[in-house]
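See below for the structure under consideration.
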Amino acid sequence: MFSIIGDELVYVAISSMILLIRRELGIRLLSLVLISSFLNILLKYWLSIPRPNTYLVNLDGLPDIIKNVINMLVIGKGPSLPSGHAQISSTFWLSLALSSRGVLTYMCALVIPILTSYSRIALRMHSEVDVVVGMLVGYTVPLVGHIMFTKTVKYLGRVNMYLKPTLLLITFILSQLLTYPDIHLIAGLLIVVWIVDKSTFTAESSTMRKVFTSTLSLVVISSTYLVTSLNIISNYQPSRFLESLIIITSAIIAFILIPVKLNVFKLKYRPERH
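In structure tokens:
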């Protein structure tokens, strides 16, 4: 179970729903989870350490699409070090703990990544070194992010206006130049999260409306991500740049257009109607 809930897609989905229910918290969580995912892919393919040879997961006889989903959520993609499941679960729960500062969330930030790491070792998907390094990197991301957003930003002055878009542009260009899987999709989502932060604010709406909006938006963004990431349309292989544009368009619909239309978010610079 922890191998499934520890996957980056699960935490991206949870963070996306939180974004539409509690905007500021969701933006912080989703940003850090995406940054951690991007860093994890870079480290995996830079180090290129192979996974253990024996998996305790039998996929014989299953349809290809089911195999692809299991490969994505349970087995994982690419080389072994660091463990993505251990890293992303550590990033998410520590980010949540630093935001809420509750005892329960700090306990979750310790216990859930450990259980997730144990499940990866038990299934022989990773070695002990893989999960330990994954947890260390995963905890480092929100700690550095917390320092940057709470301590450093106020000393940057006007430089801060250009820092994030510059870093996002570098990340996007890097994601197009490298051939590592999914980093171009992650970079596209990061750009949209920044646009959401800059262009919207929370409107007064009921909890039920927020939950409905978050569910609808999640269906839109997750279906698009799965289609592009799993290459379900096997007869058509778009370029990385086109895939990035597809995920950016889908994320704008999910995180801006739908919430604004359903009055969960409002646009900051919307002109007045006369």
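What the sequence shown shows, in the working numbering, is residues 721 to 994, in sequence order.
Each residue gets a CB set at the ideal place from its N, CA and C atoms; glycine is no exception.
Quantities reported herein were computed from a predicted structural model and do not represent experimental measurements.
Asked	Found
Please state whether DSSP places LYS988 in a helix, a strand or coil.	coil
Per DSSP, which residues does THR920 bridge with? Please list them.	LEU987
Exposed or buried, which one is MET855 when buried takes at least 16 other CB atoms within 10 Å?	buried
Three or more C-beta pairs closer than 8 Å, one from the segment 833-852 and one from the segment 817-824: is that the case here?	no
Taking the CB atoms as reference points, tell me whether HIS805 and ASP727 lie closer together than 8 Å.	yes
Tell me the DSSP secondary structure of GLY822 in three-state form.	coil
Going by DSSP, what residue range makes up the alpha helix (DSSP H) through PHE758?	743-767
Taking just the CA atoms, how far does ILE967 sit from VAL730?	17 Å
Taking 8 Å as the cut-off, does the segment 968-977 touch the segment 908-925 (at least 3 CB pairs, one atom from each stretch)?	yes
Is it true that the CB of LEU740 sits closer than 8 Å to the CB of SER895?	no
Of all the CB atoms in chain B, is at least one closer than 8 Å to the CB of VAL913?	Of the protein chains in this structure there is only one, and it is not chain B.
Expressed to the nearest angstrom, what Euclidean distance is found between the alpha-carbon atoms of LEU763 and SER926?	42 Å
ASP1007 by DSSP, collapsed to three states: which one?	This structure gives no information on residue 1007, because the portion of the chain shown stretches from 721 to 994.
Can you grab the Cα-Cα spacing for the pair PHE1015 / PHE758, in whole Å?	Residue coverage of the chain in this structure runs from 721 to 994, which leaves residue 1015 outside it and unanswerable.
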